[in-house]
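Q:
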């Protein structure tokens, strides 16, 4: 348990630090790389929670696909590589206030509600269980998601292609 | 381990994401912040799934990942289109709704 | 079992054009014919298979009649063979239904229910029915809800397969000449294929969900084909209008299907019908779902008051109009009612009432469509409104319980309406791509003899002149309206007879304008005749790209156009003989020839309500024929001989008003676009603008101005030396407040987002504190 707590603390610290850099760094490419750290940290947290399949999917889809997509997006929309200081707009202060207010409400509520909730032994969720669940009770949701992906695919092509 | 540590981590990530969405002017950076928000949700889902010993949390986390993929695809397409039309992905420039 | 093998595997038929769609899309442009050869080959194959299905079904019905004594045992005996065959083809978990028995074990309840229904029938002493041959594969299963993909074949499906593939084939052939050289020739044929495939999928669905899929696919294809020349704004508008109007009705279909699913617990068409007939479903639920489904019929089959898209949809290429808007797609609604007839029969109490919503909608539509057809200049629009009117006839027939008559009319109408549409296409092909029969046609009888002859036959068939196909089916509907239900449907009978007269008259008008008199075309501004009185109308001409302009005199079209016309004209004459009445009043038709259509098409199984069959009424037949003939005569006298009160609409206020109402299509488009859409859009925008201008700006400015005035007052009242700084400060503060408030109006999404998050956090905090 102690080892897990230490692991959680280290990973959480890395995640929060990287997340802050994602939203503050003046270099968009660095932001993408920090995002990788956050996503990998999340995958590690999933492993701590014994959700192995989600962790693997997180790595494959997020880091493998989505971040690469981001990098493509950056390259296609940037005139020269390197840092530029116009990544932020002029309402940083407002945004900070909003974020802190939100954190106060969320954190306070969560802390109050789940103060004593301590994990016992976490039973691992196997891939087989996940798949039984997806192709069982959540089949229709799964089908809907697949249609959504298809629609997004077509939509992205339609929006982005040059006529 | 406490359930709360995961939930609070998710809350912190969520709020950082919200800050990014509100304070970034670069379109791609805004999308990245949205990813932070979605990841916070995922951590919540998986944490509660483990807490209840129910696999549904993991299943919905997977659905969220799929939706995030769709969101990034369409979002980046829109950013590309924006760039092509305006030579800039500065969201402040897009103020056609200005009153 | 080889004779039912095809009936179990009808899924092959829609698969062929579906594959052809992709082949044309990917390889069409590289072929010498730019894709039409794949399309035609696929439709030929589908047509041959559809014919074989028809023959196999007839054989199946005859077999069932031969084994009349113990049909259940016989079907039991044949079942294992069918099962072997089905599984032998490599289908996983395919459950093959033969006859009245579900073969798969997990359909236990279904088997029991079907057997129970069968016993019930036997107890009533009726002859054992022929159940549809269905076959289903479990598509997905989720918590007890099983969604199947399946096919079912009965007489109705067989007829629809034949009609769809046949008309589609002729339209394909016609199109090779008609849209020759078009800029999206390949695309056009690809969508024809997809359209055919969707319609075939729709008509062989064994469950309502699959019907929904086919229904929507058909809508999408019609959207693509109506908007084929989308560069012209009216065309893409028409396509959008068709699509959006159909969406309105689709909601009805989704709601109806959902209600039925919730009540019956299944999507299976046969099962739903059986339960409705056995009285297992709540009457009110049936009524509500039937009404929702009528909404779907109103949009798809162009029933009053959602018919407005259909005439506009004439903006598509003419062969498409023939395929979609005469023979196949718009009959989807009719088919749906016919397929779920148990629901309608019991939901609307068709068998025991003398008026119901379905009959009323149909009857109204038939009158509205018929009257609107009179004021059209565009020959295609005349035909479009005539389609609306005839579809109303079919819906009315279903509403009065004349099921067979409705399907029979669908069958005959497909031939003569396709004939007329293709004939109109041939005319415009010759007349500089104009459809304006008043200004650009006339005197074409000699110049285009084949088109003339076929168009004349189509006109006679549509008008319901005896011997021609339309007569038999129309007469059956009228007889049904007279005799079915609780003492007949008198209102529907009157509506039907009025329409019979109007149909003959407006078709006579169209015919006389186009073919008699002098040729009025040939002037240069042939392309400038968009209907001036109708801002929403599609232009009255088709637009072609590389097409030669056909300078000079109109001449007969080529063989690929006239041969389909001749085939259709021939069928317009003889199709009516498929369902001769048994007793003509003055002569008796041999039993082997009478009611053939009814015998083979009308379901006799437990999933079909016990409809009554109206007898042929000689008096009614003579009466309706006289009405039709007098309609033609009146049209002749009025439009050719110039007798009668010409120009009365200019002289007489009442007639003028009537004409204006008709020319404005009963003001429905005005109602939809200006009153409903404009009425909701405008005021909201104006209210928002007013709020923006007066309230928000007012507050902002008021705060600033008020504070400044206050400052000035303070400045003047109190010695400025003391409070000078304070006054300036408050003024600046007020301006600052105004500036901050003004920021709300920046149009920057992120500021709106910030406000949104603030509000959310605040509200969440409030809830947390309160609760």
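Chains as they are written, first to last, in the working numbering: chain R, 4 to 166; chain S, 98 to 196; chain W, 9 to 779. Note that the Cβ used here is the ideal one computed from N, Cα and C, for glycine as well.
So, residue 565 (chain W) versus residue 282 (chain W), is the Cβ gap smaller than 8 Å?
A: no
Q: Mind checking whether residue 416 (chain W) and residue 587 (chain W) have CB atoms under 8 Å apart?
A: Cβ atoms of residue 416 (chain W) and residue 587 (chain W): closer than 8 Å.
Q: For the region 185 to 240 of chain W, which segments carrying the alpha helix (DSSP H) assignment without a break, of at least 4 residues, lie completely within its bounds, in sequence order?
A: 193 to 211, 216 to 234
Q: Count the other CB atoms within 10 Å of the CB of residue 4 (chain R); is the residue buried (16 or more) or exposed (fewer)?
A: exposed
Q: Give a yes or no on whether the minimum CB-CB distance between residue 146 (chain R) and chain W is below 8 Å.
A: Residue-level contact check: residue 146 (chain R) touches chain W, since one or more beta carbons of chain W fall below 8 Å from its beta carbon.
Q: How about residue 404 (chain W) and residue 277 (chain W): do their beta carbons lie closer than 8 Å?
A: no
Q: When DSSP builds the beta bridges, which residues end up paired with residue 596 (chain W)?
A: Answer by DSSP bridge pairing, in chain order: W:591.
Q: Whole angstroms are fine: how far does the CA of residue 192 (chain W) sit from the CA of residue 204 (chain W)?
A: One C-alpha to the other measures close to 18 Å.
Q: Would residue 762 (chain W) pass as an interface residue toward chain S - the criterion being a Cβ-Cβ separation below 8 Å?
A: yes
Q: Note down, in chain order, each residue of its chain lying with its Cβ closer than 7 Å to the Cβ of residue 319 (chain W), except the 5 sequence neighbours on either side.
A: 389, 392, 393
Q: Answer yes or no: does any C-beta atom of chain W fall closer than 8 Å to that of residue 188 (chain S)?
A: Taking 8 Å as the CB threshold, residue 188 (chain S) lines the interface with chain W.
Q: Within 8 Å (strictly less), CB to CB, does residue 78 (chain R) reach chain S?
A: no
Q: Verify whether the separation of the beta carbon atoms of residue 127 (chain S) and residue 118 (chain S) is less than 8 Å.
A: yes
Q: Just the Cα atoms here: how many angstroms apart are residue 118 (chain R) and residue 164 (chain S)?
A: In this structure, the CA atom of residue 118 (chain R) is about 32 Å from the CA atom of residue 164 (chain S).
Q: Is the CB of residue 138 (chain R) under 8 Å away from at least one CB in chain B?
A: Among the chains of the structure shown, chain B does not appear; the protein chains present are R, S and W.
Q: Since residue 163 (chain W) and residue 611 (chain W) should fall inside the 8 Å C-beta cutoff, what is the C-beta to C-beta distance between them, to a whole number of angstroms?
A: 6 Å
Q: So the alpha helix (DSSP H) residue 864 (chain W) belongs to, where does it begin and stop?
A: Shown here, chain W extends from 9 to 779; a query on residue 864 (chain W) therefore has no answer.
Q: List the residues that DSSP assigns as beta-bridge partners of residue 148 (chain W).
A: W:155
Q: Under 8 Å by Cβ, that's how I've got residue 133 (chain R) and residue 152 (chain S) pegged, so tell me the actual separation to the nearest angstrom.
A: Confirmed, Cβ separation roughly 6 Å.
Q: Excluding the 5 residues flanking residue 182 (chain S) on each side, which residues of the same chain have their C-beta closer than 7 Å to its C-beta?
A: none
Q: Which same chain residues end up closer than 6 Å to residue 26 (chain W) when comparing Cβ atoms and leaving out the 5 residues on each side of it in sequence?
A: 205
Q: Just tell me which of R:105, R:10, R:154, R:96 has its CA closest to the CA of residue 134 (chain S).
A: Among R:105, R:10, R:154, R:96, the Cα nearest to that of residue 134 (chain S) is on R:105.
Q: With distances taken between CB atoms, is the gap from residue 294 (chain W) to residue 351 (chain W) smaller than 8 Å?
A: yes
Q: DSSP state of residue 99 (chain S), grouped into three classes?
A: DSSP, reduced to helix, strand and coil, places residue 99 (chain S) within a strand of the structure shown.
Q: I need the DSSP call for residue 337 (chain W), collapsed to helix, strand or coil.
A: coil
Q: Count the other CB atoms within 10 Å of the CB of residue 190 (chain W); is the residue buried (16 or more) or exposed (fewer)?
A: Label assigned to residue 190 (chain W): buried.
Q: Any C-beta of chain R sitting closer than 8 Å to the C-beta of residue 158 (chain W)?
A: no
Q: In whole angstroms, what is the alpha-carbon distance linking residue 471 (chain W) and residue 640 (chain W)?
A: 8 Å
Q: If the criterion is Cβ atoms closer than 8 Å, does the pair residue 162 (chain S) and residue 48 (chain R) meet it?
A: no
Q: Would you say residue 97 (chain R) lies against chain W (beta-carbon separation less than 8 Å)?
A: yes
Q: Starting from residue 770 (chain W), find everything on chain S with Cβ-Cβ shorter than 7 Å and list it in chain order.
A: Within 7 Å of the CB of residue 770 (chain W), no CB atom of chain S is found; the nearest one sits about 14 Å away.
Q: Express the C-alpha separation of residue 13 (chain W) and residue 92 (chain W) in angstroms, rounding to a whole number.
A: Summary for residue 92 (chain W): the model assigns pLDDT 38, below 50, so the residue's position carries little reliability; its value from the coordinates is reported in the next sentence. So the two alpha carbons sit approximately 11 Å from each other.
Q: Please check if any C-beta of chain W sits within less than 8 Å of the C-beta of residue 101 (chain R).
A: yes
Q: Under 8 Å by Cβ, that's how I've got residue 334 (chain W) and residue 243 (chain W) pegged, so tell me the actual separation to the nearest angstrom.
A: Rounded, the Cβ-Cβ distance is 19 Å, inconsistent with contact.
Q: Run down chain W in chain order and give the residues with a C-beta less than 9 Å from the C-beta of residue 171 (chain S).
A: What residue 171 (chain S) touches in chain W: nothing, since even the nearest Cβ is about 16 Å away.
Q: Quick one: is residue 165 (chain R) buried, meaning 16 or more other Cβ sit within 10 Å of its Cβ, or exposed?
A: exposed
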